[in-house]
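A quick write-up on the structure given underneath.
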Amino acid sequence: LSHDEEHHRFAIANLDAMGVPAPDAPAPDKVGLDHAAFTLPSAGALLDQYERLKEKGVKPYWCIHHGLTLSMYYRDPDENGVEFQVDCFDDPREAQSFIRGERFAANPVGARYDAEELLARRAAGASEQELLRYPAS
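The sequence shown begins at 77 in this note's numbering and counts up by one.
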């Protein structure tokens, strides 16, 4: 759901009904708000945030490339979900086009990824575009 050019402001999803295994969460059957999302300016900023939190012993429970966003999901001490994400499209129209496309229809949740592998790719010189590229299906 959106009220402006943003690809979404709210998402309502029943992962079980879509046949998608729910991420590792303390109460996957709960009803209510799952998480709040915070958009960062780049994949580099997302990885910097990952490193800062990892140094404090905080690790994401779900790293997923949604196609629209590259995301890392965390739980705060009260078990509230927090998503840090970076948009994969510069133009909101491109994001809307992706949502309406075949790849999104075939897999509306996205592809899991390993944060450490993404960090290693950045260290090896991968560009911002390469870090944001949606994996081949």
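Backbone N, C-alpha and C define an ideal beta-carbon position, used for all residues, glycine too.
Residue i to residue j, Cα distance in whole Å?
i: residue 175; j: residue 196; result: 29 Å
i: residue 139; j: residue 190; result: 7 Å
i: residue 203; j: residue 115; result: 19 Å
i: residue 128; j: residue 160; result: 13 Å
i: residue 177; j: residue 170; result: 10 Å
i: residue 172; j: residue 184; result: 13 Å
i: residue 154; j: residue 193; result: 29 Å
i: residue 156; j: residue 166; result: 29 Å
i: residue 130; j: residue 145; result: 21 Å
Measure the Cβ-Cβ separation of residue i and residue j and say whether it is below 9 Å.
i: residue 118; j: residue 162; result: yes
i: residue 141; j: residue 179; result: no
i: residue 186; j: residue 143; result: yes
i: residue 123; j: residue 207; result: yes
i: residue 120; j: residue 198; result: yes
i: residue 164; j: residue 210; result: yes
For residue i, count neighbouring C-beta atoms within 10 Å of its own C-beta (all shown protein chains included) and say buried if the count is 16 or more, exposed if not.
i: residue 137; result: exposed
**Report entry** Contact between the segment 108–116 and the segment 143–160 (3+ Cβ pairs under 8 Å)
**Finding:** Yes, they touch.
Requested in this report: Could you name each continuous alpha helix (DSSP H) segment of 4 residues or more that falls completely within the segment 119–176, going from the start of the chain to the end?
Outcome: With a minimum length of 4 residues, the unbroken runs of alpha helix (DSSP H) contained wholly in the segment 119–176 fall at 119–131, 168–175.
Requested in this report: Write down every uninterrupted run of the alpha helix (DSSP H) in the segment 174–209 whose length is 4 residues or greater and which is fully enclosed by it, in chain order.
Outcome: Unbroken alpha helix (DSSP H) runs of no fewer than 4 residues, entirely contained in the segment 174–209, are found at 178–182, 191–199, 204–208, following chain order.
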